[in-house]
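**Q** Here my numbering = 1-based position in the sequence shown + 27.
Virtual Cβ for every residue (Gly too), placed ideally from N, Cα, C.
Computed from a predicted structure; not experimentally measured.
I'd like to ask you about the structure that follows.
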Amino acid sequence: MRLACLTEDGDYVDISSAIVREPLVVRALLTDALFQCQAQLPDSLDYLRTEQAIRDCLQQFQGDQERYVRSYVLSRTLDHRIQQTPRADIIYQSFHYGGPLALVGVFYATLDAHRNPRNRETLDFFLHKASSESKLELIKRTSTFPCNSSVASWLQRILEKLEPDSQTLAYILRGLGLDRNVAELLLQRPDETVWTAEAAKIVIHAFPKHSNIEPAEYHLLPQILNPRVMALFDSAYLIQLSEVGLSASNFGERLWKNMAVTIATEAASILGADSADRALLLALANIRKASLALLYEAPGEWQAKSISFPIYDDRLALANAYLMKCMQVFQGQGQGLDWRSLQASRDIYQDLRAHPFPATYFGKIDHLSVLMGLAIADHLNGQVDNALRAWQAALAASQALLLTGYTDMIQAYSTSELQIRRGAGTQADVLGNYAKALFARTGRQYHFTGIGSFWPDILNIWYAASGRQPVIPPRRGE
């Protein structure tokens, strides 16, 4: 959406041309629009003042003299005096959602707020006046603001210090994606192959795996067929790469579809011969080749191979349904338990857990769901020691399959609540603070049954009853 002006003759004029022709009229129109926004968004005037303060900081930024933000980008740590203030969360959010340029603008626009009235107003806007939506939008927009020319050399010096790991590069690309001119800094570096592989890992992780979602970053995938790049991927990324190739084959022309399937096949082939994921992914690639043959080739030119798929146990869905009912009753009826549903779910989980350890990735995810279901059931039942052991088992399975994130946060929060019951207040606080730090990065997630909805709300109730501030904010409407 773009602003334009409608002249008396019925012609549309872009806003830049309109300002040149009739600056006073355009200003009056913009002022009227601003006050209309104020009626809908009460923080609009404060938003405007805050944006101006951030823009000024970016224009006045002197990269050769800067040391505070550079240190944070490199180490992800703040001065201990800042860490103990609410400003620390604003600094974290600016880098997480806006990248390095947003971090610079927000950091210096809120610096020395106790002595600088303008910076105090900016910090007050972020902490007290801005809605969460306004705050996030302003942070994301900050990376599009004009900035001092010294920013480029400042970023270059940071790049020279960084190790080319995925997390570091992800933060940088988040910001560079909003300012394509800065992306030129990544060109012709001596470690270009490594950076290409790391960038590919990020795109592979984020690439849509559903045919109805428009893909992005097509141009990177063909480079991955370079054997030197492919050799830098471990098995987890090879699996993701194969899945991405299959997804990408739903788009584009025939040549692109065939290339995407080739990528998927090559990635799966590199996996070990004893890998269950290898067999499944090669089978899926075979199916995709067959479907493309039906689209583009004459009948009879393709001979499909027989394929076997992993079996899903429907009892897991039944156990999850029993557990969800139990949590809903517990939350909605004054913490009363539906013992029948609780016992039914636990019996099924216990039976599923006794099965041989699954070989496929999907089976392992189901196994993790079983372990978390058992932990929640024991936790609801008040079996503190059993619940602690169950959450520990769930954590071990999660760490073997997934990156540190939401499931770790739930385990830490749940274990913290159990430690409160045991009277281990110090350990409970340590776990609670760790859960808060993880939640600030992940937010609520709903990949596993109940752990994004009812279970966090139940933990909040117990946490508040112990006199502590809940880790997870309530859902909207509560």
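Is residue 206 helix, strand or coil when you go by DSSP?
**A** Confidence at residue 206 is low in this model, with a pLDDT of 46, below 50, so its placement is unreliable and the value that follows should be read with caution. Three-state DSSP puts residue 206 in coil, outside helix and strand.
**Q** Quick check on DSSP: helix, strand or coil for residue 515?
**A** As displayed, the chain neither begins before 28 nor continues past 505, which places residue 515 out of reach and without an answer.
**Q** If you draw a straight line from the C-alpha of residue 284 to the C-alpha of residue 277, how long is it?
**A** The straight-line gap from Cα to Cα measures roughly 7 Å.
**Q** Do you know how far the Cα of residue 291 is from the Cα of residue 471?
**A** Their Cα atoms are separated by approximately 31 Å.
**Q** Please work out which residues of its chain come closer than 6 Å, Cβ to Cβ, to residue 305, disregarding the five sequence neighbours upstream and downstream, and give them in chain order.
**A** Excluding positions up to five away in sequence, the list reads 295, 298.
**Q** Please state whether the Cβ-Cβ distance between residue 42 and residue 30 is less than 8 Å.
**A** Taking 8 Å as the Cβ cut-off, residue 42 and residue 30 qualify as a contacting pair.
**Q** Please confirm if the segment 87-99 is in contact with the segment 173-182, defined as three or more CB-CB distances below 8 Å between the two stretches.
**A** Touching, yes.
**Q** If you pair each beta-carbon of the segment 366-383 with each one of the segment 349-356, do three or more pairs fall below 8 Å?
**A** These segments touch.
**Q** Suppose you measure from the CA of residue 110 to the CA of residue 474; what does that come to, to the nearest Å?
**A** Going from the Cα of residue 110 to the Cα of residue 474 covers about 32 Å.
**Q** Identify the residues that DSSP records as bridge partners of residue 531: which are they?
**A** Because residue 531 is not part of the residues shown, which for the chain are 28 to 505, the question remains open.
**Q** Taking the straight line between their C-alpha atoms, what separation do you get for residue 6 and residue 101?
**A** Outside the shown range of the chain (28 to 505) lies residue 6, about which nothing can therefore be said.
**Q** Hey, could you find the ends of the alpha helix (DSSP H) residue 56 is sitting in?
**A** That run of the alpha helix (DSSP H) goes 50-67.
**Q** Between the beta-carbon of residue 266 and the beta-carbon of residue 74, is there less than 8 Å?
**A** Against a cut-off of 8 Å, the Cβ pair of residue 74 and residue 266 comes out as no contact.
**Q** Please state whether DSSP places residue 493 in a helix, a strand or coil.
**A** Here residue 493 sits in coil by DSSP.
**Q** I need the DSSP call for residue 243, collapsed to helix, strand or coil.
**A** Its pLDDT being 46, under 50, residue 243 is placed unreliably by the model, and nothing is read from it.
**Q** Could you check what DSSP says for residue 401 in three-state terms: helix, strand or coil?
**A** It is helical.
**Q** Starting from residue 365 and walking both ways along the alpha helix (DSSP H), at which residues does that stretch end?
**A** Neither: residue 365 is in no alpha helix (DSSP H) and is coded neither H nor E.
**Q** Where residue 468 and residue 435 are concerned, what is the direct C-alpha to C-alpha distance, given to the nearest angstrom?
**A** The alpha-carbon atoms of residue 468 and residue 435 are separated by roughly 12 Å.
**Q** Tell me the rounded alpha-carbon separation between residue 315 and residue 275.
**A** About 11 Å.
**Q** Answer with buried or exposed for residue 271, where buried requires no fewer than 16 other C-beta atoms within 10 angstroms of its C-beta.
**A** With 16 or more other Cβ atoms within 10 Å, it is buried.
**Q** Where does the unbroken alpha helix (DSSP H) through residue 411 begin, and where does it stop?
**A** From DSSP, the alpha helix (DSSP H) with residue 411 extends over 411-428.
**Q** Does residue 473 come out as helix, strand or coil in the three-state DSSP assignment?
**A** Note: residue 473 maps to coil in three-state DSSP.
**Q** Report the start-end ranges of each alpha helix (DSSP H) in the segment 122-151 that is 4 residues or longer and not cut off at the edges.
**A** Qualifying alpha helix (DSSP H) stretches, in chain order: 144-151.
**Q** Would you report the Cα separation of residue 76 and residue 149, rounded to the nearest angstrom?
**A** Using only the alpha carbons, I get a separation of about 8 Å.
**Q** Given residue 173, which residues of its chain have a CB within under 6 Å of its CB, disregarding the five upstream and five downstream residues?
**A** No residues qualify anywhere along the chain.
**Q** What do you get for residue 169, buried or exposed, if any count of 16 or more other CB atoms within 10 angstroms of its CB means buried?
**A** So residue 169 counts as buried.
**Q** Can the beta-carbon of residue 418 be found less than 8 Å from the beta-carbon of residue 438?
**A** Contact: yes.
**Q** In the DSSP assignment, find the alpha helix (DSSP H) that holds residue 447 and state where it starts and stops.
**A** Residues 433-449.
**Q** Does the Cβ of residue 44 have 16 or more other Cβ atoms within 10 Å, making it buried, or fewer, making it exposed?
**A** That one is exposed.
**Q** Who are the Cβ neighbours of residue 188 in its own chain at under 6 Å, not counting the five residues just before and after it?
**A** Only 101 meet the Cβ criterion.
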